[in-house]
Amino acid sequence: MNEWCAGKSNQTFDGTTGEIVAKQQASAVSWIAAVVVVIAIVAGGVYLARKAMHAGAPAPTTRVLPTSTETAPASTPVQHPIEQAQAGPATASTAALPALDDSDDGVASALAALAGGSDLSSLLVSQQLITRIVTTIDALPRHDGLGTFTLPAHVPKGAFAVDEVDGATVIGAGNSARYAPYMQVVDATDPQALVAWYARAYPLFQQAYRQLGYPKGYFNDRLIVVIDDLLAAPEPAQPPVVVRSKTFYVHADPVLESLSTGQKLLLRVGSANEARIKAKLRAIRMQLVAKDPHGGRND
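Here the working numbering is used: position 83 in the sequence shown is 1041, and no number is missing along the way.
In structure tokens, the structure reads:
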């Protein structure tokens, strides 16, 4: 019984049989699906653009996830302790969390059974799931791009589309449709329930973050930084103009091209999808910082 996967319900989910014992758990456990697919959405655009320029390139091989290339900063005070999150009623489960290396089956089984009929098993990478989530989240505010072997989910199917408008190449409107299965999961996620589960499973995320190369770091603080960076992504009124470099598409506007990896990737999913993702991120952030330890308002 994977009781650690349970949400606010006092019933449990059987990861061995795949039986949903309590429907209330669905939104609580499915938060991680939303995080996974948001990462896949924002990462898929650049990867598919590069793939289009390398049609004959061999598929990437399986690789060990890297540690961060950044120098670990000195210990700093925790800004957003997970205990301050508005996690709702405490879970009734007292089951111990699995070891990080043994958590994949429980997470994947819960997602597959609790996705409300969506075939999330075809979206997820089956190994090192939490480590992949942490690695990708940590990379989004930087400018180094993302390695496809670190992603926790497979990129959307289909080719990256561009349109020709008034003699310029712009990000194609047809890209938005490729993300429909992912967006359905994002839309269905209950922010309060997801934060409740995240708080319960937080030690696994913290362990993965420290193993990434931040022995004194605090993952929840990094997550807030990442969410804020994504929320700051511009929202162009028209599809951005792109040009081909030697290997992939880049933004013609140097201001857009200088954005962080996460911001630049958000621009590639389409304005409507970007707005939906940002709305969900705002709601999630509100839950994560709901209780200001200094007695003030949410920041």
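Think of the CB as a built atom: it goes at the ideal place given N, C-alpha and C, for glycine as much as any other residue.
Subject >> Burial state of Q1165, where buried means 16 or more other Cβ atoms lie within 10 Å >> reply: To locate residue 1165, count along the sequence shown from 1; it is residue 207. It is buried - the Cβ of Q1165 has at least 16 other Cβ atoms within 10 Å.
Original post:
Since P1110 contacts V1184 with CB under 8 Å, what's their CB separation in whole angstroms?
Top reply: Position 152 of the sequence shown, counted from the start, is the residue given in the question as residue 1110. Position 226 of the sequence shown, counted from the start, is the residue given in the question as residue 1184. Incorrect: roughly 14 Å between the Cβ atoms, too far for contact.
Original post:
What is the C-beta distance between L1224 and E1215, in whole angstroms, given that I count them as a contact (C-beta under 8 Å)?
Top reply: The residue labelled residue 1224 in the question sits at position 266 within the sequence shown. The residue labelled residue 1215 in the question sits at position 257 within the sequence shown. With 8 Å as the limit, L1224 and E1215 do not qualify as a contact, their Cβ atoms being about 14 Å apart.
**OP:** Locate the alpha helix (DSSP H) running through A1138, then write down its first and last residues.
**Re:** If you number the sequence shown from 1, residue 1138 lands on position 180. That run of the alpha helix (DSSP H) goes 1138-1146.
**OP:** Starting from the Cα of S1134, find the closest Cα among G1116, L1055, T1147 and give me that residue.
**Re:** Taking the sequence shown and counting its residues from 1, the one referred to as residue 1134 is at position 176. Here the closest residue by C-alpha is G1116.
Original post:
Is V1144 buried or exposed, if buried means 16 or more other CB atoms sit within 10 Å of its CB?
Top reply: Taking the first residue of the sequence shown as 1, we reach residue 1144 at position 186. Looking at its Cβ environment, which holds 16 or more other Cβ atoms inside 10 Å, V1144 is buried.
Subject >> Presumed contact (8 Å Cβ cut-off) between S1218 and H1101, rounded CB distance >> reply: Here residue 1218 refers to the residue found at position 260 when the sequence shown is read from its first residue. Here residue 1101 refers to the residue found at position 143 when the sequence shown is read from its first residue. Contact holds; Cβ gap of about 6 Å.
**OP:** Could you say if the region 1160-1177 and the region 1193-1209 meet the contact criterion of at least three C-beta pairs nearer than 8 Å?
**Re:** no
Original post:
Going along the chain, which residues of its own chain have a beta-carbon closer than 7 Å to the beta-carbon of V1036, five neighbours each way excluded?
Top reply: Stepping through the sequence shown from its first residue, residue 1036 is reached at position 78. For V1036, where only same-chain residues beyond five positions count, the Cβ hits under 7 Å are Y1176, D1179.
Original post:
Is it true that the CB of P1212 sits closer than 8 Å to the CB of I1129?
Top reply: On the sequence shown, residue 1129 is found 171 positions in, with the first residue counted as 1. On the sequence shown, residue 1212 is found 254 positions in, with the first residue counted as 1. No, these two residues do not count as a Cβ contact at 8 Å.
**OP:** Provide the residue span of the alpha helix (DSSP H) that contains E1122, from first to last.
**Re:** Within the sequence shown, numbered from 1, the residue matching residue 1122 stands at position 164. Looking at the DSSP string, E1122 is not in any alpha helix (DSSP H); the run it does join, the beta strand (DSSP E), is 1120-1123.
Original post:
Taking just the CA atoms, how far does A1191 sit from K1222?
Top reply: Looking up residue 1222 in the sequence shown gives position 264. Looking up residue 1191 in the sequence shown gives position 233. Each residue's Cα considered, the two are about 8 Å apart.
Original post:
Can you tell which of D1063, L1246, I1235 has the C-alpha that lies nearest to the C-alpha of R1158?
Top reply: Along the sequence shown, read from residue 1 onward, the residue named residue 1158 stands at position 200. Of D1063, L1246, I1235, the residue nearest in Cα terms is L1246.
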